[in-house]
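First up is the structure itself, then whatever we jot down about it.
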Amino acid sequence: MSKTIVITGSNSGIGKAMVMNLLEQHHDVIMVARDSDKTTQVYETFCEK
Ligand SMILES: NC(=O)c1ccc[n+]([C@@H]2O[C@H](COP(=O)([O-])OP(=O)(O)OC[C@H]3O[C@@H](n4cnc5c(N)ncnc54)[C@H](OP(=O)(O)O)[C@@H]3O)[C@@H](O)[C@H]2O)c1
């Protein structure tokens, strides 16, 4: 069953890897981070293909 999961520190490192892993498992992910430019780059990499 798909879940909605909040990941803090989601724009690099372990947080970014968790976002990718959870999306591959078809969960919905809410990204939380301070640097919006870095976060937008990660979003565009994973979600706007
Ligand atoms: N990588 C490893 O193999 C490893 C192994 C064991 C433990 N750890 C620990 O796990 C943690 C994360 O590692 P990482 O490699 O993923 O680090 P990272 O790539 O530097 O990522 C850190 C994340 O946390 C956010 N962040 C940094 N300082 C913050 C603050 N003061 N308040 C809120 N958000 C903050 C950053 O977002 P913004 O840039 O937007 O602030 C970024 O998304 C670290 O504490 C590290 O020591 C890592």
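With the numbering used here, letter number 36 in the sequence shown gets 18, and the count goes up by one each step, no holes. Built from N, CA and C at the ideal position, the CB exists for glycine as well.
Asked, Found
"8 Å contact criterion, which I12 and M0 should meet: CB distance rounded", "Not confirmed; about 12 Å, so no contact."
"Which of helix, strand or coil DSSP assigns to M2", "helix"
"Beta-bridge pairing of D10 - partner residues as DSSP gives them", "T(-14)"
"E30 (DSSP reduced to helix, strand or coil)", "coil"
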